[in-house]
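Q: Got a structure for you, written out below as structure tokens; questions coming shortly.
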Amino acid sequence: MSFQIGGGDKDKDQLSTASSGSIGIAVTSDDTPHNASSSSSNNNAPTHSNTNTHSNSKNAYSSATRPNTASSTFSDPFASPDSSRPPSIRPALSPSGSTFSFPFGLSNAPNHVPRSILHQSSSKDIRDRDSHLSSSGLGGPPTYGYSSARSSSQRIPHFTSANSLYGVLPTPSTPNPDGSTAALRHKGTRMKSHKLPDDVVVPKPWKEEEKKSARKVVSYWIVYALALLGFAGGAVQCFFTVKNVQLDKEPLCIVLDEDFSNPDTVFGEGGTFFREVTMDGFGNGQFEMTTASSNNSFVQDGKLYIVPTLTADNIGMDAVLDGTIYNITGCTFNETRPDGGFILQPDGSQVFDIEGYTNACSKVSNATSGAIINPVQSARLTTIKSASIRYGRVEIRAKMPHGDWLWPAIWMLPKDSVYGPWPMSGEIDIVESRGNGLRYTAHGSNYVQGSLNWGPAPGLNGVDKTYSWWSDKRKSFADEFHTYALEWTPKFLRIYVDSRLHTLLDLRFNKPFFERAEWPATVFDGNSLAPLHNPWANGTNATPFDQEFFLILNVAVGGTNGWFPEAQGDKPWLNSAGNPQRDFLSAIEQWYPTWGTDVNQRAMVVDYVKMWKHCKAPA
565 MSFQIGGGDK
575 DKDQLSTASS
585 GSIGIAVTSD
595 DTPHNASSSS
605 SNNNAPTHSN
615 TNTHSNSKNA
625 YSSATRPNTA
635 SSTFSDPFAS
645 PDSSRPPSIR
655 PALSPSGSTF
665 SFPFGLSNAP
675 NHVPRSILHQ
685 SSSKDIRDRD
695 SHLSSSGLGG
705 PPTYGYSSAR
715 SSSQRIPHFT
725 SANSLYGVLP
735 TPSTPNPDGS
745 TAALRHKGTR
755 MKSHKLPDDV
765 VVPKPWKEEE
775 KKSARKVVSY
785 WIVYALALLG
795 FAGGAVQCFF
805 TVKNVQLDKE
815 PLCIVLDEDF
825 SNPDTVFGEG
835 GTFFREVTMD
845 GFGNGQFEMT
855 TASSNNSFVQ
865 DGKLYIVPTL
875 TADNIGMDAV
885 LDGTIYNITG
895 CTFNETRPDG
905 GFILQPDGSQ
915 VFDIEGYTNA
925 CSKVSNATSG
935 AIINPVQSAR
945 LTTIKSASIR
955 YGRVEIRAKM
965 PHGDWLWPAI
975 WMLPKDSVYG
985 PWPMSGEIDI
995 VESRGNGLRY
1005 TAHGSNYVQG
1015 SLNWGPAPGL
1025 NGVDKTYSWW
1035 SDKRKSFADE
1045 FHTYALEWTP
1055 KFLRIYVDSR
1065 LHTLLDLRFN
1075 KPFFERAEWP
1085 ATVFDGNSLA
1095 PLHNPWANGT
1105 NATPFDQEFF
1115 LILNVAVGGT
1125 NGWFPEAQGD
1135 KPWLNSAGNP
1145 QRDFLSAIEQ
1155 WYPTWGTDVN
1165 QRAMVVDYVK
1175 MWKHCKAPA
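Our numbering applies: residue 565 is where the sequence shown begins, and numbers increase by one.
Now the structure itself:
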């Protein structure tokens, strides 16, 4: 079904129906009714290009029954009374009171339209209509027109407004000079509002060209100048930092290269490492005895293991605590002490150090006095008989042990105490650590430290001037292997872990060591005060670190020298207590479980050890 409406000066409308069930609406200016799909005699008359109608059935409205719409008076129902009113966007709906807006075949069609016309659609017609609406765009979302004042509008020759549910809807229109009608839309340029006086200039600062003041120009260039200065300063700093990095440019000759691939060459006569056997605590009050037992040091799967064990596992807990005299087998006191354990007397004679020997090689347990036998056994391995260097490089790849109060260390001592007893002849600590966990408040297993020990007298040590550390906030150095290195020349000494960027200690020998610390003018020498003597007066800026040093690997336990500070980590002993070893052993249920049962966790594991020296002998 289709409708065709035509109107002119006779104001006649005609309605045509067909069996298709579709509705087409066309407004023309002549008196002759015609099909909406046919061309009008007036080329300017707008037609609906998507209408498919048939003229075999015609029904016309009379002027009496036609509703009074805007088309009868040719007025725009959406026009503003004041031409200054801004245009608005509105849906193209029929004016109030119009009877043209109704869906196909629905009950809200005007009463004066015969319902027989509305229900003549066949299934085929419906399919044809749907196909036609889909291709024409009438089945899609509605299209909206702009309505505005006449002075700001223009005619749209072909304007279609459609709704997918309600069909074709009439649009607001206005007559053209030729009598045809057209929809209105807003022009490209909107007219000026007449509510403002003509002489008023509306400010538009965003269109004005910015006036650059001298202050803004100066500020602009200051920012770029400072940025450029920062880049230049950073580049200069990087240049001089790289330029001033001390590097050992001397050719190096290998002295020791031990990868532990052959266990037979590691220990024993002519082996790489010498096992020190002693019980004296090495001047630090350490709680372990060092043994030559394969329980405490051995090679397995190409790795060297240094493992602490309980003495009670060997002789029983009762023997450790009371009633036992323990003489350690193979004591090396005579081999490791200067002059074979003999002490030089003021008159030039030598006397064997009986007290030192007894303390190093024998212990007695007594419950009454609280004395016990060293509660832990471990190992201390040195290269004193195989390799030593004076300037060069040392490199060790190792994994530190887990366990509370374990004290792993890789360090060096002078082969000959040229400048006197410790610390006068120096000590180089390549790496020291603690087995306590990450929560330990005095640097646990996630810290490694490097240092130099030196001093002009046995009671004076300048280590607080020459030590530093490297830390990992989330991981322990006992979790995986790391490479620890020493670079040593007459001009500097550097210790680092894995990379030179992870420096533990970087010290330049730019002034004598005696001037690095504020020593007292006098010291107590036996029975009286005596002026402090400079043992390195005739040396160089590197003295006492200008002699041959050998390498030491060990895992110590506890101690009273302060390496484990008081009141840190529930420490079970006091350094100044009468029997600190007994107090330590009394808390075995606290610390022993942290050592673990896996040897890879408890041991310091060494992958390789390398030592180089300067090929050219230093002067």
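All residues carry an ideal CB built from backbone N, CA and C; glycine is no exception.
Evaluate the contact criterion for the segment 990-1005 versus the segment 1176-1183: three or more CB pairs, one atom per stretch, below 8 angstroms.
A: no
Q: Tell me whether T900 sits in a helix, a strand or coil according to DSSP, three-state version.
A: Within the sequence shown, residue 900 is the residue found at index 336, counting from 1. It is helical.
Q: Count the other CB atoms, across all protein chains shown, that sit within 10 Å of the CB of S680; report buried if there are 16 or more and exposed otherwise.
A: Start at 1 with the first residue of the sequence shown, and residue 680 comes out as number 116. Because S680 sits at a pLDDT of 47, beneath the cut-off of 50, its placement in the model cannot be relied upon, and the point is left open.
Q: Need the endpoints of the alpha helix (DSSP H) that P1144 sits in, please.
A: Counted from its first residue, the sequence shown places residue 1144 at position 580. Start and end: P1144 to S1150.
Q: Could you name the residues of the same chain whose beta carbon sits closer than 8 angstroms to that of S1040, not counting the 5 residues immediately before and after it, in chain order?
A: Looking up residue 1040 in the sequence shown gives position 476. So the list reads M964, H966, G1001, L1002, G1008, S1009 and N1010, once near-sequence residues are dropped.
Q: Indicate whether L1050 and V958 have their beta-carbon atoms separated by less than 9 angstroms.
A: Numbered from 1 along the sequence shown, position 486 holds the residue referred to as residue 1050. Numbered from 1 along the sequence shown, position 394 holds the residue referred to as residue 958. Result yes, Cβ atoms of L1050 and V958 sit closer than 9 angstroms.
Q: Any chance you could list the beta strand (DSSP E) runs of at least 3 consecutive residues sitting entirely within the segment 935-988, in chain order?
A: 940-942, 944-946, 956-963 and 970-978
Q: Within a Cβ cutoff of 8 angstroms, which residues of the same chain sit near Q850, ignoring the five residues on either side of it in sequence?
A: By one-based count along the sequence shown, residue 850 stands at place 286. Closer than 8 angstroms at the Cβ level, and outside the excluded window around Q850, lie W971, A1120, V1121, G1122 and G1123.
Q: In whole angstroms, what separates the C-alpha of T893 from that of T855?
A: For this step, residue 893 is matched to residue 329 along the sequence shown. For this step, residue 855 is matched to residue 291 along the sequence shown. Each residue's Cα considered, the two are about 8 angstroms apart.
Q: May I have the straight-line CA-CA distance separating N1105 from G990, to the nearest angstrom?
A: Residue numbering aside, residue 1105 sits at position 541 when the sequence shown is read from its first letter. Residue numbering aside, residue 990 sits at position 426 when the sequence shown is read from its first letter. Cα to Cα, N1105 sits roughly 13 angstroms from G990.
Q: Of all the options P767, G887 and Y921, which has the alpha carbon lying nearest to the alpha carbon of E899?
A: To locate residue 899, count along the sequence shown from 1; it is residue 335. Minimum Cα distance to E899 is reached at Y921.
Q: Provide the residue span of the alpha helix (DSSP H) that contains L1115, from first to last.
A: Taking the sequence shown and counting its residues from 1, one reaches residue 1115 at position 551. In this chain, L1115 is not harboured by any alpha helix (DSSP H); it is covered by the beta strand (DSSP E) spanning F1113 to V1121.
Q: Suppose contacts are defined by Cβ-Cβ distances below 9 angstroms. Is R1058 in contact with T1067 by that definition?
A: Translated into positions along the sequence shown, residue 1058 becomes position 494. Translated into positions along the sequence shown, residue 1067 becomes position 503. Yes, they are a contact pair.
Q: Using CA atoms only, rank isn't needed, just tell me which of R779, K949, S926 and M853 is closest to T888.
A: On the sequence shown, residue 888 is found 324 positions in, with the first residue counted as 1. Nearest of R779, K949, S926 and M853 to T888, Cα basis: S926.
Q: Just tell me which of K1037, N1098, D1062 and R961 has its CA closest to the CA of P1022.
A: To locate residue 1022, count along the sequence shown from 1; it is residue 458. Out of K1037, N1098, D1062 and R961, N1098 has the C-alpha closest to the C-alpha of P1022.
Q: Anyone know if the C-beta pair for P1171 and K979 falls short of 9 angstroms?
A: One-based indexing of the sequence shown puts residue 1171 at position 607. One-based indexing of the sequence shown puts residue 979 at position 415. Position check: residue 1171 holds Asp in this sequence, whereas Pro was assumed. Not closer than 9 angstroms, so no.
Q: Kindly confirm or deny that the segment 784-796 and the segment 932-945 touch, where touching means at least three C-beta pairs closer than 8 angstroms.
A: no
Q: Going straight from the alpha carbon of P1108 to that of R954, what length do you get?
A: Within the sequence shown, the letter at position 544 stands for residue 1108. Within the sequence shown, the letter at position 390 stands for residue 954. Looking at the two C-alpha atoms, the distance is approximately 11 angstroms.
Q: Could you spell out the range, first to last residue, of the beta strand (DSSP E) harbouring C817?
A: What you label residue 817 is simply residue 253 of the sequence shown in a count that begins at 1. Note, C817: beta strand (DSSP E), L816 to E822.
Q: Kindly indicate the opening and closing residues of the beta strand (DSSP E) around L1002.
A: Counting from one through the sequence shown, the residue named residue 1002 turns up at place 438. That residue, L1002, is in no beta strand (DSSP E); it is neither H nor E in DSSP.
Q: Let's see if you can read the secondary structure: which residues bound the alpha helix (DSSP H) around V884?
A: If you number the sequence shown from 1, residue 884 lands on position 320. M881 to L885 is the span of the alpha helix (DSSP H), which, as asked, contains V884.
Q: Tell me the residue span of the beta strand (DSSP E) that contains W785.
A: For the purposes of this step, residue 785 is identified with residue 221 of the sequence shown, where counting begins at 1. Element bounds for W785: not the beta strand (DSSP E) but the alpha helix (DSSP H), A778 to N808.
Q: Put R557 into one of helix, strand or coil per three-state DSSP.
A: Limits of the chain in this structure are 565 at one end and 1183 at the other, which puts residue 557 out of reach.
Q: Check whether the Cβ atoms of W1137 and P1144 sit closer than 9 angstroms, and answer yes or no.
A: Working through the sequence shown from its first residue, we reach residue 1137 at position 573. Working through the sequence shown from its first residue, we reach residue 1144 at position 580. Contact: yes.
Q: Have a look at the DSSP bridge pairing and note the partners of S825.
A: Residue numbering aside, residue 825 sits at position 261 when the sequence shown is read from its first letter. Residue pairing by DSSP leaves S825 without any beta bridge partner.
Q: How would you call V809, buried or exposed, if buried means at least 16 neighbouring beta carbons within 10 angstroms?
A: Reading the sequence shown from its first residue, position 245 is the one you call residue 809. V809 is exposed by the Cβ-count criterion.
Q: Taking the DSSP output, what are the residues bridged to P1095?
A: Taking the first residue of the sequence shown as 1, we reach residue 1095 at position 531. Per DSSP, T1086.
Q: Would you give the residue range spanned by the alpha helix (DSSP H) that E919 belongs to?
A: Indexing the sequence shown from 1 puts residue 919 at position 355. E919 -> alpha helix (DSSP H) spans I918 to C925.
Q: Can the beta-carbon of S913 be found less than 9 angstroms from the beta-carbon of F1113?
A: Here residue 913 is taken as the residue at index 349 of the sequence shown, counted from 1. Here residue 1113 is taken as the residue at index 549 of the sequence shown, counted from 1. It is not a contact, given that the beta carbons lie outside the stated cut-off.
Q: My guess is that V884 and T875 are in contact by the Cβ rule of under 8 angstroms, so how many angstroms apart are they, rounded?
A: Position 320 of the sequence shown, counted from the start, is the residue given in the question as residue 884. Position 311 of the sequence shown, counted from the start, is the residue given in the question as residue 875. Going by Cβ atoms, the distance from V884 to T875 rounds to 5 angstroms, so yes, they are a contact pair.
Q: Residues in its own chain within less than 7 angstroms of S1035 by CB, not counting five upstream and five downstream?
A: Position 471 of the sequence shown, counting from 1, holds the residue named residue 1035. These residues qualify, in order along the chain: N1010 and Y1011.
Q: Mind reading off the beta-carbon distance from T1086 to P1076? Whole number of angstroms is fine, and I expect it under 8 angstroms.
A: For the purposes of this step, residue 1086 is identified with residue 522 of the sequence shown, where counting begins at 1. For the purposes of this step, residue 1076 is identified with residue 512 of the sequence shown, where counting begins at 1. About 20 angstroms separates the two Cβ atoms, so there is no contact after all.
Q: Thinking C-alpha only, which one of P1020, L816 and A1081 is nearest F1088?
A: In the sequence shown, counting from the first residue as 1, residue 1088 sits at position 524. Minimum Cα distance to F1088 is reached at P1020.
Q: Using the rule of at least 16 other Cβ atoms within 10 Å of the residue's Cβ for burial, across every protein chain shown, is W1052 buried or exposed?
A: One-based indexing of the sequence shown puts residue 1052 at position 488. Answer is buried; the Cβ neighbour count reaches 16.
Q: Using the three-state DSSP reduction, which class does Q864 fall into: helix, strand or coil?
A: Translated into the one-based positions of the sequence shown, residue 864 becomes position 300. Three-state DSSP puts Q864 in a strand.
Q: I'd like the list of long-range same chain contacts for D1147, defined as Cβ closer than 8 angstroms, with 5 residues on each side in sequence excluded.
A: As a working mapping, residue 1147 is identified with position 583 in the sequence shown. P1136, W1137, L1138 and A1141, listed in sequence order.
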